[in-house]
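For the sequence shown, counting from 1, position 40 maps to 40 in full-length UniProt numbering; every step adds exactly one.
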Amino acid sequence: MPATAVEQPSLPTFLTVGEVARRSGVAVSTLHFYEAKGLIAAARSGGNQRRFSRDVLRRVAIIRVAQGFGVSLAEIAELLKPIPPGKRPSAAEIRTMVGGWRAMLQARIDGLTLLRDRLDGCIGCGCLSQTECPLRNPMDQLGTEGSGPVLLQRRNRP
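So, in structure tokens, the structure goes:
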């Protein structure tokens with residue numbers, strides 16, 4: 001018997017905000033927030049309802065994964081900049097974006113590793129040494145050098 005082509009049901013070109021929320025696992029209000037921040041874009045129907053292209057699902061997934069690893073929305077927006085919302089990315093655009101992500105993530109990993117290794121000396125033993133601990137600041141001497149944990153920030157620069 002000859003093989004017959006199976007007709008695939010056509011997918012709608014655009015998704016409603018509710019469909020995007022259901023498919024992505026993100027609240028409608030979060031999608032509105034992402035849109036307001038320029039992370040995603042929607043067209044408008046004749047009744048002024050949001051209509052998202054299907055590529056928004058991939059974009060929202062990227063945003064969620066990045067946020068899960070502690071990447072700020074500002075950093076996400078910067079790294080997504082080469083790929084405008086509503087546009088399907090080319091292979092070259094994906095490579096550019098991934099290169100930016102890799103560099104940013106490696107810098108974070110290096111910083112966290114350094115922080116872990118340096119804190120292990122004083123916090124690891126429980127002594128919180130007043131001479132070696134990077135969190136020490138007797139008599140608030142470091143207040144003139146800036147805000148926050150000045151010694152820790154200084155020591156964590158590679």
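Each residue gets a CB set at the ideal place from its N, CA and C atoms; glycine is no exception.
DSSP places Ser24 in the helix class (H, G or I) of the three-state scheme.
About 6 Å separates the CB atoms of Ala77 and Gly38; that is less than 8 Å, so the two are in contact.
Straight-line spacing of the CA atoms in Glu145 and Glu75 works out to 27 Å. Relative to the Cα of Ala41, the nearest Cα in the group Leu15, Gly100, Ala66 belongs to Leu15.
At least 9 Å separates the beta-carbon of Leu79 from that of Arg59. In the structure shown, the three-state DSSP call for Phe33 is helix.
Note: Ser53 is bridge-paired with Phe14 in the DSSP secondary-structure output. Assigned with DSSP and collapsed to three states, Arg58 falls in helix. By the C-beta density criterion, Phe52 is buried, having at least 16 other C-beta atoms within 10 angstroms.
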